[in-house]
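Peer 1:
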Amino acid sequence: MRMPSGKKGVPKAHPHYHGHEAKPTAHLDASSSALFHTDFSYSSELLSFLDGKQLLPQEIPFPSDLIQAHHEHGYLSYEKGLTKTKHGWRCARCGNEDPHFFATFPCARCQAMCTYCRKCITMGRVSECTPLVTSRVRFPSVSYPNPLAWSGTLSPGQKRAAEAVEKAIMGNGELLVWAVCGAGKTEVLFQGIARALEIGKRVCIATPRTDVVRELAPRLKQAFPSVPLIALYGGSDDRGKFAPFVISTTHQLLRFSRAFDVMVIDEVDAFPYSVEPMLEYAVAKARKETSSLIYLTATPKRSWQRDVRHGKRQAVTIPARYHGFPLPVPAFEWCGNWRKQLKRRRLPRNVLAWVQSRIEAGKQAFFFIPHIEVIDPVVRIFKQLDERIEGVHAEDPQRAEKVQAFRDGRLPLLVTTTILERGVTVPNIDVAVLGAEDRIFTESALVQIAGRVGRSAQHPSGDIRFFHYGKTREMVAAKRHIERMNKEAAERGMIRR
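If you want it as structure tokens, here you go:
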């Protein structure tokens with residue numbers, strides 16, 4: 000339903016909205032009339048707030064009687080948060096049907112034992128007596144002429160991919176952009192996004208990781224300065240807002256419904272998107288029924304790689320980095336039973352020699368380890384070589400400060416879990432993996448780790464060392480993946496001679 004014309008303002012009984020505490024959700028009558036009353040003096044502020052969203056009543060900063068009035072006059076719809084199925088329950092917000100992720104509690108709202116969904120509980124509780132509120136009104140789209148202010152140039156590989164992205168966006172198609180680490184995937188999107196914004200399409204770039212949202216938001220604002228853009232993640236100042244251009248974690252998409260004409264999933268292979276069906280459901284729900292879907296990744300899952308090779312999936316590849324130098328290929332180096340040595344507060348000699356040579360050469364390095372509990376003992380040993388060496392992991396309260404210190408060149412080496420396998424770019428570094436045989440180091444993870452090296456044209460090469468206690472299929476697959484991309488890039492004339 001499009002926004003009706005000629006009705007402005009709000010009901011006189013509600014001159015103020017913000018700051019009112021909503022009544023308990025059981026007071027909202029989901030059975031009220033849904034007929035559309037054109038003579039109703041609606042609140043454009045409320046409808047604008049809910050445009051393209053699906054929210055719990057307590058997430059809506061307007062009085063509950065105002066919300067109810069809009070529902071009764073057909074402007075808002077209520078959907079049951081949980082519905083009964085043959086096998087139990089289904090959550091309307093996250094799609095969960097797993098019986099293990101439902102529980103009951105004595106509910107103060109409905110005065111009964113009430114079932115709720117545990118799967119999406121971090122986004123607020125969806126229970127039997129909780130409606131999900133959406134607007135039945137769509138505001139007119141806004142077009143932005145010449146929105147792109149980026150003046151860079153694309154490599155031949157990027158240009159070919161950019162044209163494919165634009166074609167998919169304009170044709171509401173689906174496309175996989177398979178681009179090596181450091182190929183400049185973000186810039187490949189600019190041309191298609193600009194065309195979309197010019198004709199009033201709403202655009203979302205979604206990514207599994209908060210770090211990536213924070214990194215991309217300022218770059219995109221700089222590239223599209225005339226377009227309102229918001230960044231959504233847990234704790235974001237922009238939460239609750241909407242704009243024609245949104246960059247969001249995939250979790251935050253659970254709050255949207257049929258909102259976007261263009262959906263871009265960056266790092267589709269990354270955790271948690273790669274293992275969490277709920278996030279795939281969130282993406283599908285946030286897209287309009289007629290919309291485009293663009294996937295970006297350096298490491299598509301093997302089934303997707305097969306589909307691309309057999310022509311079953313629409314894809315464009317960028318096998319070379321923007322600077323035209325080949326991808327550095329990892330070297331395998333056996334280091335024996337490093338875990339046994341670590342229990343004795345030692346590390347293999349060749350591992351220590353590698354670290355020492357980086358320190359002596361003044362070359363920064365990432366040193367990846369398989370699990371958090373390994374960080375502290377490894378860092379203690381390395382600090383005997385250089386006191387400035389630090390370790391970082393996902394739960395580290397000083398994570399941002401340590402990563403920034405490394406970027407600034409104040410730390411010679413950073414010991415890290417796979418949390419830094421992507422999203423952090425430093426121009427001139429080497430990389431080592433200790434325990435590359437561990438199950439956590441999949442083909443995808445190892446390709447991403449290798450992709451930290453050689454990102455800049457000034458420093459296009461570097462050392463990548465996989466220290467192991469026995470080669471694995473994943474290690475071999477990662478090396479072949481990189482070599483295959485280099486071969487394709489050479490065959491397509493994309494490598495400097």
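Using numbering that gives the first Met the number 0, the letters of the sequence shown map in sequence onto residues 0 to 496.
All residues carry an ideal CB built from backbone N, CA and C; glycine is no exception.
#1: Rounded to the nearest angstrom, how far is the Cβ of P299 from that of D268, given a contact under 8 Å?
#2: Closest to Q447 by CA distance: which of V432, E400, Q110 is it?
#3: On a Cα-Cα basis, can you pick out the residue from L219, T415, K184 that is closest to P369?
#4: Within the same chain, show all residues whose beta-carbon is closer than 6 Å to that of I463, passing over the 5 residues directly before and after it, in chain order.
#5: For A102, which beta-bridge partners are listed by DSSP?
#6: Could you tell me which of V125, E44, L196, R194 sits nearest to K79, measuring between CA atoms?
#7: Between Y41, R108, M112, which lies nearest to P56 when the distance is taken from Cα to Cα?
#8: Output the residue ranges of the alpha helix (DSSP H) runs that lie fully inside the segment 141–174 and measure 4 residues or longer, sorted by chain position.
#9: By DSSP, does S256 sit in helix, in strand, or in coil?
#10: Going by Cα to Cα distance, which pick from A222, T209, F223 is closest to L231?
#11: By alpha-carbon positions, which one of N485, V263, L384, E394 ends up nearest to L410?
#12: Can you tell me the Cα-Cα spacing of L419 and A111, whole angstroms?
#13: Considering S63, what are the terminal residues of the alpha helix (DSSP H) in which it resides?
#14: Out of E266, L81, V187, which one is the CA nearest neighbour of C90?
#15: Which value, in whole angstroms, describes the spacing of the CA atoms of I229 and F255?
#16: Going by C-alpha distance, which of C180, E275, R201 is nearest V263?
#17: Taking the alpha carbon of C93 as the point to measure from, which residue in M169, A281, A102 has its own alpha carbon closest?
#18: If I'm right that G469 touches E490 with Cβ under 8 Å, what's the distance once you round it to whole angstroms?
#19: Report the option in F100, P139, H70, Y143 whose CA atom is closest to the CA atom of V132.
#20: Return the CA-CA distance between P98 and I371, expressed in angstroms with no decimal places.
#21: With distances taken from CA atoms, which of H36, F39, F61, F35 is nearest L45?
#22: Which of the three DSSP states, helix, strand or coil, is assigned to H467?
#23: For M493, which of D64, A319, A404, G199 has the nearest alpha-carbon?
#24: For the beta strand (DSSP E) that G233 lies in, which residues bound it at each end?
#25: Which whole runs of the alpha helix (DSSP H) in the segment 185–241 are 4 residues long or more, in chain order?
#26: Buried or exposed: which applies to W303, given that a residue is buried once 16 or more other Cβ atoms fall within 10 Å of its Cβ?
#27: Can you give the Cα-Cα distance for P207 and G233, rounded to whole angstroms?
#28: Per DSSP, what kind of secondary structure is H15 in: helix, strand or coil?
#29: Which value, in whole angstroms, describes the spacing of the CA atoms of F440 and V377?
#30: Which residue's Cα is closest to the Cα of E186: R213, D265, L252, R137?
#31: Which of the three DSSP states, helix, strand or coil, is assigned to A488?
#32: With a cut-off of 8 Å on the beta carbons, I'd call Y143 and S247 a contact; round off their distance for me.
#33: Quickly, what does DSSP pair G390 with across the bridge? List them, please.
#34: Reducing DSSP to helix, strand and coil, say where E20 ends up.
Peer 2: This is what the structure gives:
#1: 6 Å
#2: V432
#3: T415
#4: P327, P329, V430, A449, V452
#5: Y115
#6: V125
#7: R108
#8: 155–169
#9: coil
#10: T209
#11: L384
#12: 46 Å
#13: 63–71
#14: L81
#15: 14 Å
#16: R201
#17: A281
#18: The Cβ separation is near 33 Å, so there is no contact.
#19: H70
#20: 32 Å
#21: F61
#22: strand
#23: A319
#24: From DSSP, G233 is part of no beta strand (DSSP E); its letter is neither H nor E.
#25: 209–222
#26: buried
#27: 12 Å
#28: With a pLDDT of only 31 at H15, under the threshold of 50, the placement of this residue in the model should not be trusted; the figure read from the coordinates follows. Residue state, collapsed to three classes: coil.
#29: 18 Å
#30: D265
#31: helix
#32: Not really, about 19 Å apart at Cβ, beyond 8 Å.
#33: V414
#34: Unreliable positioning characterises E20 in this predicted model, as indicated by a pLDDT of 33, which lies under 50. A coordinate reading is not provided.
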